[in-house]
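Each residue of the sequence shown is one higher than the one before, starting from 2 at the first, in this note's numbering.
For reference, the structure is listed below as structure tokens.
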Amino acid sequence: RMSVLTSMWSLKEATLKALGTGLRFDLKDIEVTAVPECGRASMRLRNDAEAHLLKISAGTIDAWVERQNGLVIARVLIR
2 RMSVLTSMWS LKEATLKALG TGLRFDLKDI EVTAVPECGR ASMRLRNDAE
52 AHLLKISAGT IDAWVERQNG LVIARVLIR
């Protein structure tokens with residue numbers, strides 16, 4: 002369970018970094034809809050976070066997560 006929660010937090014944090022905003026948006030507006038053990042994750046942004054995404058990009062988020070040896074690696078690419 003902790004591994005899944007850490008993955009979700011890491012994906013949210015990576016999304017904020019990719020948006021270039023820091024913790025300016027409510028974390029509830031960055032929703033992790035699917036978090037696999039390893040591979041492609043699904044994300045959905047709402048409210049101000051979604052508006053900012055559409056302002057800076059075409060609105061596409063690619064997210065991946067890996068868990069190995071007790072570590073979580075999250076990658077988010079915004080296009």
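For every residue, glycine included, the Cβ atom is placed at its ideal position computed from N, Cα and C.
Residue span of the alpha helix (DSSP H) that contains residue i, given as start and end
i     : result
ASP49 : 48 to 57
Residue i - DSSP class collapsed to helix/strand/coil
i     : result
ASP30 : helix
GLU38 : coil
LEU6  : helix
Same chain, Cβ closer than 6 Å to residue i, neighbours up to 5 away in sequence not counted
i     : result
ALA15 : ALA75 and VAL77
Through-space distance from residue j to residue i, alpha-carbon basis
i     : j     : result
SER11 : VAL73 : 7 Å
ALA52 : LEU6  : 26 Å
GLY40 : ARG68 : 9 Å
LEU28 : SER58 : 20 Å
SER4  : LYS56 : 33 Å
Assumed close pair residue i, residue j - CB separation to whole angstroms, cut-off 8 Å
i     : j     : result
ASP30 : ASN48 : 5 Å
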